[in-house]
Structures are given as structure tokens and as C-alpha cells.
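Residue numbers (our numbering): 33 to 373. From the three backbone atoms N, C-alpha and C, an ideal C-beta is built for every residue, glycine too. Owing to the predicted nature of the structure, the values given are computational and were not obtained by experimental measurement.
As C-alpha cells, then:
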């Protein structure tokens, strides 16, 4: 069995991915800030998804195939999820996949059961909620062709959300919604993002999710408008806003391409999905031309494509720092600040 590359040796390779994308795709020359490593190279994941083996047990799918690899343990899981994994792997589950979402802050876990009949899974949910000190909520989701949690979702019992600490801001997370899986690394990035964003009268955050970055930006701006298309994410963000008492953050449910209709801003922050900015959103940015653009990306290639397009219209990178949210994978996050020349 081949041993994995030592963690310290992974970091310059990941930084190289970002530098290469900047030079080859964006056609720009700029020095990177040193890569920010994960606080923990192992035991960092607060979320994970597994296939259910036909004979019992949890498995990963091998890349590019439907072949399953049975797991006795998962060294990437954070401690609360390790305990839940040990319990769940022993169950005979009449579903296709299992999703775990934990909170390092609370030390608790939410469980998602994907596929199968929710009535048949109800006894499993009751058993876990009655016997496990770690699993505090269970939901069922239909096996939908568009992906997990894209169809019907039904609560089977217990809590629906947990509170997680992202850089000193406690925000709600649920098993069916997106939140960064390495909360300690993400928290460090949000703190730096707010610092380099500076201050101003108004900021707009696109692809805002439940507004975690927006809560950080609210400390430096008179008003922050968080734009998000997901109804569930906006609902959680509104609840967090009320709990935290952040009066200068406002949510707008809509698409990122609506930016030109939302008024001028000193700063626009974007954290798009892996596909990067849509052509319509790039066009909206070029119409509004904010003086500062904070761009967070989970894909160096699409980030470099967008940065190159924006650079041809007068934007220049002032800071680019890779962040490692996913040790022992090829993924790398990018934090960048662009200013208008």
C-alpha cells in the first residue's frame, strides 16, 4: 500500500495549482501570499457523505466509478462525527446514502438518510435519537436525479440545525444545506476576508448562502446586502441575524446576476460554486464596477478564468492567498481581493 504524501509536502503543490492557474489561464503575473494550512491535517471534516453497502456498512465510491470501498474508519472526520460514524456503520439501513453534518462548537451531529422509504427508516431514527448522545437530529431525503437534497426532505426527529463557530461568529448549519466542511480553516479565511475588504458605507455579497461572510463584513460596513437564491439558506440566515442582533445585514432572495439592480456598493464579495461566475454575473460586475471585489473560490481554474476576464476590464489582484480546507485531496480554496485601476 502506498503511503500518502506528508502534509507539509502537499501545501506547496496546492499553492502551485493557484499560481499556475493565475499565469496560464488569467495571463497575469502576481505573487501569492503564503498558503494558509488547515489547523488539522486529519480529523478536520465536519461533514461527510457515504454510500450504504448492500450487506451493511458505509463506503466511499472510487473516483469515476460506481465501485464501493467499505470503510472501517474515516481519518478525515472530526471527533463528533467519528463517534456517529461508528454507530451508524453497524446499522442495517434501507437507504442508499448517509450524510453526516456535525458541529465542532456543540459536539453534536445531524444525520441524513437518502433514498428508501421514510416510514421504514423512522424506527432507525428513533433508535439513534434515543441511544446516541451525539446524533441529535435525523432527516430523510428522496433519491433525486438532480442530486442529494434536491428533492423532498422530511424530518424524522430531533433538531434540524446546529450552531457552528466560523471565526467567532456562531451560524446555523443543517445536514441538507451547504456549509464549509472545515469550520476552523474557513473561520480563519472569513476573518482575513473581512480584514482585507476594509470599510465602507455599503457592501453586497453574492452567492451569500446563509450569510456567514456577510456577518463578518457587517463589522466594517454601514450596510451589507446578502444575495442568495436558496430559500432554505435565506431562512437560516434571517434566523441567525435575529439571534445575533446584526441590524445592518439584510438578505435579498435572488440571483447573483441581479447585481446591477441592487444599487451601488463600495465592495462586492462573491463566493460562487465550482463553476465560477456566470457570464451574466460578470457582465453585472462590469456594469456596476465596484472599486473593490472580494472573490473567494473553491476552484482555481474557474477563478483564474473570471479574474482574467475582469483584469481585461481594469481590475488588478491586490492579494491572492491559497487556503487548504481539504488536506489529502487535490482541492484548494482561493481568497483574493481585486481593485479597479
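What do you get for residue 273, buried or exposed, if any count of 16 or more other CB atoms within 10 angstroms of its CB means buried?
Position 241 of the chain shown, counting from 1, holds the residue named residue 273. Per the 10 Å Cβ criterion, buried.
Identify which residue in 247, 62, 168, 117 has its Cα closest to the Cα of residue 271.
Indexing the chain shown from 1 puts residue 271 at position 239. It is 247.
How is residue 179 classed by DSSP in three states: helix, strand or coil?
One-based indexing of the chain shown puts residue 179 at position 147. Look at residue 179 here: in three-state DSSP terms it is coil, with no helix or strand label.
Using a Cβ-Cβ cutoff of less than 7 Å, which residues in the same chain neighbour residue 207 once the five nearest sequence positions on both sides are dropped?
Locating residue 207 in the chain shown gives position 175, counting from the first residue. Result list for residue 207: 131, 133, 142, 143, 144, 171, in chain order.
Alpha carbon to alpha carbon, how far is residue 189 from residue 156?
Here residue 189 is taken as the residue at index 157 of the chain shown, counted from 1. Here residue 156 is taken as the residue at index 124 of the chain shown, counted from 1. About 10 Å.
Along the chain, where does the alpha helix (DSSP H) containing residue 248 start, and where does it finish?
As a position in the chain shown, residue 248 is number 216, starting the count at 1. Note, residue 248: alpha helix (DSSP H), 244-249.
Using alpha carbons as the reference points, say which of 210, 203, 128, 198 lies closest to residue 177.
To locate residue 177, count along the chain shown from 1; it is residue 145. Comparing Cα-Cα distances from residue 177 to each of 210, 203, 128, 198, the minimum goes to 128.
Using a Cβ-Cβ cut-off of 8 Å (strictly less than) and excluding sequence neighbours within five positions of residue 328, which residues of its own chain qualify?
Counted from its first residue, the chain shown places residue 328 at position 296. Excluding positions up to five away in sequence, the list reads 221, 225, 245, 301, 302, 303, 365, 366, 367, 368.
Which residue marks the beginning of the beta strand (DSSP E) containing residue 355, and which one marks its end?
Taking the chain shown and counting its residues from 1, one reaches residue 355 at position 323. Here the beta strand (DSSP E) through residue 355 covers 347-355.
Do you know how far the Cα of residue 113 is from the Cα of residue 107?
Against the chain shown, residue 107 aligns to sequence position 75. Against the chain shown, residue 113 aligns to sequence position 81. Going by the C-alpha atoms only, they are around 11 Å apart.
Quick one: what's residue 203 bridged to in DSSP?
As a working note, residue 203 is residue 171 in the chain shown. Partner(s): 196.
Name the residue from 125, 135, 298, 218 whose alpha carbon lies nearest to the alpha carbon of residue 229.
Position 197 of the chain shown, counted from the start, is the residue given in the question as residue 229. Minimum Cα-Cα distance from residue 229 among the listed residues 125, 135, 298, 218 corresponds to 298.
Helix, strand or coil, according to DSSP, for residue 128 in the structure here?
By 1-based counting over the chain shown, the position of residue 128 is 96. Coil, per DSSP.
From the DSSP secondary-structure annotation, give me the bridge partner or partners of residue 371.
Along the chain shown, read from residue 1 onward, the residue named residue 371 stands at position 339. Looking at the DSSP assignment, residue 371 forms a beta bridge with 324, 348.
With DSSP as the reference, label residue 154 as helix, strand or coil.
Taking the chain shown and counting its residues from 1, the one referred to as residue 154 is at position 122. Reduced to three states, the DSSP call for residue 154 is helix.
Tell me which same chain residues have a C-beta within less than 6 Å of the C-beta of residue 125, skipping the five on either side of it?
Locating residue 125 in the chain shown gives position 93, counting from the first residue. Shown here for residue 125: same chain residues with a beta carbon closer than 6 Å to its own, the five before and five after excluded, namely 84 in chain order.
What's the C-alpha gap between residue 252 and residue 201?
Numbered from its first residue, the chain shown carries residue 252 at position 220. Numbered from its first residue, the chain shown carries residue 201 at position 169. If you take the alpha carbons of residue 252 and residue 201, they lie about 15 Å apart.
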